[in-house]
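What follows is one structure encoded as structure tokens, with my remarks underneath.
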Amino acid sequence: MDHRHGFLNGLDEKLEYSKNKPAFLHPSSRWTSVLTVNNNRAQHQAWGLWTLGSVRKIKILSFLFGLMVTVLIMASYFLMRDQKGLYLTPSPYHLTVESHPAQLPLNLSFATDYTVVREVVRSIVAKVDFSHRRVPDLREAREKEPNIFSAIPRKFLPHLKNPCWYEEFFGNITADPYGKNLYALYSKRFQAIYDYLRRAFPAHLHQHAGRLYRLRCLPFFYIIGQPKCGTTDLFDRLRLHPEVHFTTMKEPHWWTRKRFGIIRLSNSFHNPYPLNDYLDLFDQAANHIQDHLTSNSSKSHKKVNIIIGEASASTMWDNNAWVHFYNNGTDVEPPFLVQDFIHAVQPDVRFIVMLRDPVERLYSDYLYFGMANKSVEDFHERVSESLHLFEGCLAERSIRSCIYNTTLNNLMPVRLQVGLYVIYLLDWLSVFSREQILILRLEDHAANRKITMRRVFKFLQLGPLTLQKEADITKSPASNTRRPANRNLGPMLPITKEILQSFYKPFNQRLAQVLRDPAFLWT
């Protein structure tokens, strides 16, 4: 996904217009070509209708009119370019990020004025606070999302390690149970196993007292973040463990996006994905659990130790949809976060978080997404612009309000907020215990995968492995590494790195305090 584009494309276009020369100033532009083609067409159509003198008069008048329009547009362009303040118009979704010229001395050409950017960072750091959020109670969460809680039971099957339950099936056994699943329309991974699931569906229905039931499951654990921190590599290694299964696609993004109808961040809302469509993604793993249940039924009721994981790297941080669905017009912070709803249905679930130096994470994030003309200079300008925007928000609001500000997040050319790990972690710790969240560093994982994976296996209470199986999991090549074209750009500019290190420093310090581990200082 191109994270630069959100629901406020108009504002993005204004910023791009201010940074780039308008198309009509280029002699070879499409604007000129269109005018030329249209004028030629008009001449051919008029050839038999007017005299040669009339045609010349029309051409002169057209030329004068075009010249006048060009002069007016150029004048407006230069007037806009001379503005020193950047104003963010009120969002149609009830969020505003306003900055005044005194607070945001920004020239839209974004010249590399290092002194100004350093002062912006100092201004941001001086306003850092780690206040606590108001946590909604269980009743509020259930009232806000009744469809979720009406479908998921409060207790799960006791002889399964993974949270599963039996749901009565009322449909036609010969009909396609996945025909209306919205994931099937957009996920190639889901489409690849679609036929298998459809054929296997009747055989995995459980019959009891003349009624049919299907086994439904939720994840035993979630890999929740962060983007560009090694979550794909962790996912690929974990699914090699014989006791671990995953959803049919790595990143369903249901809790953060799909249940609201967000398919691509650059597009408008679509139909929300129902809970049942999300639960269908666990059916392949549920079939394996069902097979073990069937084989155990004639013997002993031995506990089935198969567990299911879900790995959406947006789960930890992305709450951008709150302003459209949970805002009553007065809140500047989200009254509900993703973790509030997960905790309400799965209070004992476990989470794995992989983090890396937030400075390097941001650069990797920039290189990964498919924007044209990437360069270290362009990255520096985007960082500078984002810091100015972030400072403008902090002039009116708290840190938490700004990192959950949908308008600001859509406007920043790079995702600065994703690297503010401690803010998100503290919000997760407001509803889950520290023992339920395993936090890893990508740097440690890259240095010794065996130690990292053993920590994960222990955290998930997985059974022992043979030496050969452990070697297969830990020695396979790393997944989702940097592309060769991006590696050729080299490291970021030293001045950019210095600025970002200063920006993230107070957040890293607080993170190291919370985790009681100085390694998270990334000094």
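Start counting the sequence shown at -12; every next residue gets the next number (our numbering).
Ideal placement from N, C-alpha and C gives every residue a C-beta, glycine not left out.
A quick note: this is a predicted structure, and the numbers were derived from the prediction, not measured.
Assumed close pair residue i, residue j - CB separation to whole angstroms, cut-off 8 Å
i	j	result
GLU320	SER388	5 Å
ASN292	LYS148	5 Å
TYR209	GLU132	With 8 Å as the limit, TYR209 and GLU132 do not qualify as a contact, their Cβ atoms being about 18 Å apart.
VAL332	ILE139	5 Å
GLN277	LEU202	5 Å
PRO123	PHE323	6 Å
VAL401	ASP352	7 Å
ARG186	TYR165	Wrong, their Cβ atoms sit about 11 Å apart, outside the cutoff.
PHE156	LEU199	4 Å
Where residue i falls: helix, strand or coil (DSSP)
i	result
ARG109	helix
ILE438	helix
CYS151	strand
VAL336	coil
VAL389	For the sequence presented, residue 389 should be read as Cys rather than Val. If DSSP states are grouped into helix, strand and coil, CYS389 belongs with the helices.
VAL310	helix
GLN448	coil
TYR101	helix
HIS330	helix
VAL325	helix
HIS432	helix
ASN258	coil
ALA162	coil
SER373	helix
SER174	coil
SER96	Only weak support is given to the placement of SER96: the predicted model assigns it a pLDDT of 46, under 50, and the value that follows is read from those uncertain coordinates. Coil, per DSSP.
ARG129	helix
LYS245	helix
PHE494	helix
ARG186	helix
SER282	helix
LEU268	coil
ARG474	helix
LYS456	helix
LEU169	coil
ASN315	coil
GLU238	coil
LEU407	coil
GLY217	coil
HIS275	helix
GLU368	helix
LYS484	helix
ARG224	helix
ALA499	helix
ALA465	coil
VAL363	helix
SER15	With a pLDDT of only 34 at SER15, under 50, the local geometry of the prediction cannot be trusted, and the value read off the model is given with reservation. If DSSP states are grouped into helix, strand and coil, SER15 belongs with coil.
MET55	helix
Residue nearest to residue i in terms of C-alpha spacing, selected from the options
i	options	result
GLU130	TYR181, TYR313 and ILE47	TYR313
GLY406	VAL325, VAL340 and TYR260	VAL340
ILE486	LEU403, ASP163, GLY477 and PHE256	LEU403
VAL112	LYS167, ARG421 and GLN496	GLN496
GLU230	ASP504, LYS445, GLY477 and LYS492	LYS445
ASP335	HIS146, PHE207, PRO140 and LEU144	PHE207
LYS290	LEU502, GLY450, GLN500 and ARG503	GLY450
THR483	ALA499, HIS195 and GLU347	GLU347
ASN307	LEU266, ILE249, ASP264 and PRO239	ILE249
ARG126	HIS279, ASP327, GLU364 and ALA506	ASP327
MET440	PHE256, HIS228, PRO164 and ASP344	HIS228
ASN475	ASN254, LEU354, TYR491 and ILE47	LEU354
LEU502	ARG442, HIS232 and LEU412	LEU412
PRO189	TYR391, THR161, GLY197 and TYR173	THR161
TRP152	HIS193, ASN473, GLU422 and PHE117	HIS193
LYS462	LYS437, PRO214 and LEU480	LYS437
ARG120	ASP318, ASP344, ILE294 and TYR101	ASP318
PRO493	PHE507, LEU480 and PRO481	PHE507
SER466	CYS216, LEU144 and ARG442	CYS216
PHE269	LEU398, LEU452 and CYS204	CYS204
PRO214	MET479, LEU349 and CYS380	LEU349
Bridge partners - residue i, DSSP secondary structure assignment
i	result
GLU297	TYR209
VAL231	ILE294
LEU202	TYR153
ILE424	PHE338
GLN194	LEU199
Heavy atom of the ligand NAP within 7 Å of residue i beta-carbon
i	result
VAL115	No copy of the ligand NAP occurs in the structure displayed, which carries no ligand at all.
request  = Kindly confirm or deny that the stretch 425 to 435 and the stretch 214 to 222 touch, where touching means at least three C-beta pairs closer than 8 Å.
outcome  = yes
key: Stretch-stretch touch, CB-based, cutoff 8 Å, three pairs: the stretch 377 to 387 with the stretch 301 to 315   = no
query = Are three or more beta carbon pairs between the stretch 357 to 372 and the stretch 457 to 464 nearer than 8 Å?
reply = no
inquiry  = Quick test of the definition: if touching needs 3 or more C-beta pairs under 8 Å, does the stretch 170 to 185 touch the stretch 421 to 428?
reply    = Counting Cβ pairs under 8 Å, fewer than three are found: no touch.
request  = Kindly confirm or deny that the stretch 162 to 173 and the stretch 252 to 268 touch, where touching means at least three C-beta pairs closer than 8 Å.
outcome  = yes
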